[in-house]
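Since the structure comes first, as C-alpha coordinates, the remarks are kept for the end.
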Amino acid sequence: MGDSKSGWAWINSLLGRKHKNANINELKVNDDIISDDKSITETLNEYFINIGMKMAAESACQSTDALNDQVIYESTVLLPTENFHFADITIDSVSKRLQKLNVSKATGIESKCVLLMIKLLLQEQ
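By my numbering, the letter at position 125 of the sequence shown is numbered 125, and the numbering carries on one by one without gaps.
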(Lines of atoms letter the chains of each structure in order from A and count residues from 1; the text may use other names and numbers.)
(Lines give C-alpha, C1' and ligand atoms only; values in the text may rest on other atoms or scores of the structure.)
Protein backbone atom coordinates (compact mmCIF):
# COMPACT_ATOMS: atom_id res chain seq x y z
CA MET A 1 0.00 0.00 0.00
CA GLY A 2 2.47 2.63 -1.23
CA ASP A 3 0.27 5.39 -2.59
CA SER A 4 -2.90 6.95 -1.22
CA LYS A 5 -5.09 5.88 -4.17
CA SER A 6 -4.44 2.19 -3.59
CA GLY A 7 -4.82 2.76 0.15
CA TRP A 8 -8.29 4.22 -0.29
CA ALA A 9 -9.20 1.46 -2.74
CA TRP A 10 -8.22 -1.10 -0.08
CA ILE A 11 -10.21 0.71 2.65
CA ASN A 12 -13.26 1.01 0.39
CA SER A 13 -13.07 -2.69 -0.48
CA LEU A 14 -13.03 -3.53 3.24
CA LEU A 15 -16.06 -1.30 3.79
CA GLY A 16 -17.90 -2.89 0.88
CA ARG A 17 -17.99 0.30 -1.17
CA LYS A 18 -17.96 -0.24 -4.88
CA HIS A 19 -16.90 2.25 -7.55
CA LYS A 20 -20.00 3.83 -9.03
CA ASN A 21 -20.29 4.67 -12.70
CA ALA A 22 -20.85 8.40 -12.97
CA ASN A 23 -21.38 8.47 -16.74
CA ILE A 24 -24.54 10.20 -17.93
CA ASN A 25 -25.76 8.68 -21.17
CA GLU A 26 -29.02 10.60 -21.42
CA LEU A 27 -30.48 13.72 -19.92
CA LYS A 28 -34.16 14.66 -20.01
CA VAL A 29 -34.82 18.40 -20.01
CA ASN A 30 -38.50 19.26 -20.12
CA ASP A 31 -39.70 16.93 -22.90
CA ASP A 32 -36.38 16.74 -24.77
CA ILE A 33 -33.93 13.85 -24.50
CA ILE A 34 -30.28 14.88 -24.82
CA SER A 35 -27.84 12.09 -25.57
CA ASP A 36 -24.66 13.50 -27.13
CA ASP A 37 -21.82 14.26 -24.71
CA LYS A 38 -21.29 17.88 -25.74
CA SER A 39 -24.96 18.83 -25.31
CA ILE A 40 -25.16 17.03 -21.95
CA THR A 41 -22.07 18.89 -20.79
CA GLU A 42 -23.38 22.28 -21.95
CA THR A 43 -26.82 21.66 -20.41
CA LEU A 44 -25.35 20.69 -17.02
CA ASN A 45 -22.92 23.60 -17.15
CA GLU A 46 -25.74 26.06 -17.90
CA TYR A 47 -27.82 24.60 -15.05
CA PHE A 48 -25.06 24.85 -12.45
CA ILE A 49 -24.04 28.34 -13.59
CA ASN A 50 -27.57 29.65 -13.09
CA ILE A 51 -28.89 27.64 -10.13
CA GLY A 52 -27.31 29.87 -7.47
CA MET A 53 -28.78 33.08 -8.84
CA LYS A 54 -32.14 31.39 -9.40
CA MET A 55 -32.27 30.09 -5.85
CA ALA A 56 -31.18 33.46 -4.47
CA ALA A 57 -33.90 35.23 -6.42
CA GLU A 58 -36.53 32.74 -5.21
CA SER A 59 -35.29 32.87 -1.63
CA ALA A 60 -37.39 35.30 0.32
CA CYS A 61 -38.09 35.52 3.99
CA GLN A 62 -41.79 35.79 4.80
CA SER A 63 -42.96 37.85 7.74
CA THR A 64 -46.31 39.29 8.72
CA ASP A 65 -47.01 42.92 9.48
CA ALA A 66 -49.32 42.55 12.50
CA LEU A 67 -50.68 46.09 12.24
CA ASN A 68 -51.79 45.83 8.61
CA ASP A 69 -52.24 42.02 8.49
CA GLN A 70 -50.08 41.84 5.35
CA VAL A 71 -47.40 39.37 4.32
CA ILE A 72 -44.04 41.02 3.71
CA TYR A 73 -41.32 39.39 1.63
CA GLU A 74 -37.77 40.37 2.43
CA SER A 75 -34.81 39.19 0.44
CA THR A 76 -32.36 37.32 2.66
CA VAL A 77 -29.64 37.00 0.04
CA LEU A 78 -27.45 39.78 -1.23
CA LEU A 79 -27.20 39.42 -4.98
CA PRO A 80 -23.83 40.24 -6.50
CA THR A 81 -23.30 43.50 -8.26
CA GLU A 82 -22.32 43.60 -11.91
CA ASN A 83 -18.88 45.00 -11.12
CA PHE A 84 -15.94 42.67 -10.77
CA HIS A 85 -12.24 43.41 -10.67
CA PHE A 86 -9.00 41.67 -9.85
CA ALA A 87 -6.82 43.15 -7.14
CA ASP A 88 -3.16 43.64 -7.91
CA ILE A 89 -0.95 41.05 -6.22
CA THR A 90 2.73 41.73 -5.81
CA ILE A 91 5.53 39.18 -5.72
CA ASP A 92 6.43 40.49 -2.27
CA SER A 93 2.92 39.83 -0.87
CA VAL A 94 2.95 36.26 -2.25
CA SER A 95 6.42 35.71 -0.83
CA LYS A 96 5.34 36.94 2.62
CA ARG A 97 2.30 34.64 2.64
CA LEU A 98 4.37 31.63 1.57
CA GLN A 99 6.88 32.36 4.34
CA LYS A 100 4.04 32.27 6.89
CA LEU A 101 2.89 28.77 5.86
CA ASN A 102 3.54 26.15 8.51
CA VAL A 103 5.49 23.18 7.09
CA SER A 104 4.22 20.89 9.84
CA LYS A 105 0.62 21.48 8.67
CA ALA A 106 1.32 20.26 5.12
CA THR A 107 -0.16 16.87 4.23
CA GLY A 108 2.16 14.13 3.03
CA ILE A 109 5.93 14.07 2.77
CA GLU A 110 5.88 15.43 -0.80
CA SER A 111 3.93 18.53 0.22
CA LYS A 112 6.23 19.14 3.18
CA CYS A 113 9.33 18.85 0.96
CA VAL A 114 7.93 21.21 -1.69
CA LEU A 115 6.87 23.76 0.90
CA LEU A 116 10.25 23.57 2.62
CA MET A 117 12.06 24.06 -0.72
CA ILE A 118 9.88 27.09 -1.54
CA LYS A 119 10.64 28.64 1.85
CA LEU A 120 14.38 28.04 1.44
CA LEU A 121 14.34 29.56 -2.05
CA LEU A 122 12.48 32.61 -0.78
CA GLN A 123 15.03 33.11 2.01
CA GLU A 124 17.85 33.20 -0.57
CA GLN A 125 16.29 36.17 -2.40
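Note that beta-carbon positions come from the ideal geometry of N, C-alpha and C, so glycine has one too.
- Contact between I49 and I24 does not hold, since their C-beta atoms are separated by about 17 Å, which reaches or exceeds 8 Å.
- Collapsing the DSSP output to three states places L101 in coil.
- DSSP places D92 in the helix class (H, G or I) of the three-state scheme.
- Between Q99 and L121 a beta carbon distance of about 11 Å is seen, past the 8 Å cut, so the two are scored as non-contacting.
- Taking L27 as the centre and dropping the five residues before and after it, the same chain places the C-beta of I34, I40, T43 closer than 7 Å to its C-beta, in chain order.
- Here the alpha carbon of F86 sits roughly 43 Å from the alpha carbon of R17.
- In the displayed model, D37 falls within a helix according to three-state DSSP.
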